[in-house]
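Residue 89 in this note's numbering is what sits at position 80 of the sequence shown, and the numbering runs on without skipping anything. We put the CB at the ideal spot given by N, CA and C, even for glycine. No experiment lies behind these values; they were computed from the predicted model shown. A short worksheet on the structure shown next.
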Amino acid sequence: MNLEGKVAVVTGVSKGIGLATVMALLEKGAIVVGWGRTAPDLQHGNFHFFECDVRYSESVQNAFDQTIARVGTHVQVLINNAGLGLSGLFEDMSLDDWHLMFETNVNGIFYCTRLVLPGMKELEEGHIINISSIAGTTGIEQMAGYCGTKHAVRGISHALYKEVRNDGVKVTCIYPGSVQTNFFDNIDSVTVNENMMRPEDIASTIMHALESHPNYHHVDIEVRPLMPKGKQRKG
10 MNLEGKVAVV TGVSKGIGLA TVMALLEKGA IVVGWGRTAP DLQHGNFHFF
60 ECDVRYSESV QNAFDQTIAR VGTHVQVLIN NAGLGLSGLF EDMSLDDWHL
110 MFETNVNGIF YCTRLVLPGM KELEEGHIIN ISSIAGTTGI EQMAGYCGTK
160 HAVRGISHAL YKEVRNDGVK VTCIYPGSVQ TNFFDNIDSV TVNENMMRPE
210 DIASTIMHAL ESHPNYHHVD IEVRPLMPKG KQRKG
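Structure, rendered in structure tokens:
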């Protein structure tokens, strides 16, 4: 897809992967709309922000309506990036924390995607990118709830791409390893460090998938830091 002039919605844009993706899309000439609870520190003629909490269908509908009113056309790119993870033993996880993760990481994808799909089908062009995690392909102790949500993202992505591929719409699921973001603020066992991937690295992968040939479809992309513990001394 040639991104020049295309309308792209990115969720969770205040910082990290979301903000890096917004910047990359703007560099490609896209019209970018951010949906999130907090606006990023960004001023650009082609960037528009609408407050949105993806946990609530009414909030997503409101952001979508404002987006269409502002840009006057269909959304051609959706980056489902909003998400969070909370750690803890399975039996100690509170109901509120469990629901928060599933409402944000899973329900949010449903609420956002269902609104943009009709327009993409009408255009016979569109690309939905869902940000999962390596937690979506394996289990991690004390992260059962988060793993459950990201396994759900994988299943949703795989089912959806088979539904819409003949409509000219792509669905790509990306599984990052550790990234230097505020994701780890609520996880005491992990400290953000320079050996993790950078948000702009994930953004570059998203751009690569988006700009591929119309008949070339990235279904799953797993990315990890090459040296997660840094360069090891020999001997």
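- Query: Looking at C-alpha atoms only, which residue of K24, S142, H53 is the closest neighbour of C182?
  - Reply: S142
- Query: Which residue comes first and which comes last in the alpha helix (DSSP H) that contains P127?
  - Reply: 117-132
- Through-space distance from V42 to V86, alpha-carbon basis: 10 Å
- Query: Apart from the five residues on each side of it in sequence, which residues of its chain come closer than 6 Å, Cβ to Cβ, to L126?
  - Reply: none
- Item | C-beta contact flag for P234 and M206 at 8 Å | yes
- Message: I'd like the list of long-range same chain contacts for E13, defined as Cβ closer than 6 Å, with 5 residues on each side in sequence excluded.
- Response: G38
- Query: Just how far apart, CA to CA, sit L169 and M32?
  - Reply: 27 Å
- Measuring CB to CB, does P49 end up less than 8 Å from S23? By the CB criterion at 8 Å, P49 and S23 fall inside the cutoff.
- Message: By the DSSP assignment, the alpha helix (DSSP H) with I165 in it spans what residues?
- Response: 153-173
- Rounded straight-line distance, which links the Cα of Q151 to that of A144: Cα to Cα, the separation comes out at about 11 Å.
- What whole-angstrom Cβ distance do T20 and G117 have, given they're in contact under 8 Å? 7 Å
- Less than 8 Å between the CB atoms is what I'm expecting for N90 and T30, so what's the real figure, rounded? 7 Å
- Quick check: the segment 106-116 against the segment 155-175, are there 3 or more CB pairs under 8 Å? yes
- Query: DSSP state of V84, grouped into three classes?
  - Reply: DSSP places V84 outside both helix and strand once states are collapsed to three, so it counts as coil.
- Could you tell me the distance, in whole angstroms, from the CA atom of F119 to the CA atom of K243? Roughly 49 Å separates the two Cα atoms.
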